[in-house]
Amino acid sequence: MAKKGLLFCVCLGTCPSFKDINEYEVLNAIRKEKLVDWVGIHPQLCAEDGDEYLKNLLKGVDVEKLFVAGCDPHMQKKMFKDALKESGFNPDNHIGIEIRNMKTEEVIEKIKKAIQ
Ligand code: SF4
Numbered sequence: 000m001a002k003k004g005l006l007f008c009v010c011l012g013t014c015p016s017f018k019d020i021n022e023y024e025v026l027n028a029i030r031k032e033k034l035v036d037w038v039g040i041h042p043q044l045c046a047e048d049g050d051e052y053l054k055n056l057l058k059g060v061d062v063e064k065l066f067v068a069g070c071d072p073h074m075q076k077k078m079f080k081d082a083l084k085e086s087g088f089n090p091d092n093h094i095g096i097e098i099r100n101m102k103t104e105e106v107i108e109k110i111k112k113a114i115q
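Everything in the sequence shown is counted per numbering that gives the first Met the number 0, starting at 0 for the first residue and increasing by one.
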């Protein structure tokens, strides 16, 4: 069965744009409502090891939609392009969700809207 996954990229955990967000609270809220099949967190998806992470995560796995909470969706498209291509994942099924400069509750609501 095709699965939906949500990754939270925390931008090293030091970016001021994320200072009012508790990532774990966000992921827990989404998984508790079973809005996706799995959740995960990564410190820097746009780094080289982030590419490797995406490739390994998606290769040969039945993932219908990949939601990534983090920076601007257009930036995400550009930065993840090669990793998604190499894993054979259709880039159209990657949905970036901009959550910078928001608070935890606002992020939860924004992600819920994006998923539903
Ligand atoms: S992918 Fe975006 S949110 Fe993640 S580390 Fe890079 S710039 Fe920051």
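Even for Gly, the Cβ is constructed at its ideal location relative to N, Cα and C. This one's a predicted model, so the numbers in the text were calculated from it and none came from an experiment.
A check of alpha carbon separations from L6 across E22, T13 and P15 identifies E22 as the nearest.
Not one heavy atom of the ligand SF4 is found less than 7 Å from the C-beta of M101.
Per the CB criterion, closer than 5 Å to any heavy atom of the ligand SF4, the qualifying residues run in chain order as C8, C10, Q43, L44, C45, G69 and C70. Among the bridge pairs identified by DSSP, E97 is matched with G69. Your pair I96 and V67 checks out as a contact, with CB atoms roughly 7 Å apart and the cut at 8 Å.
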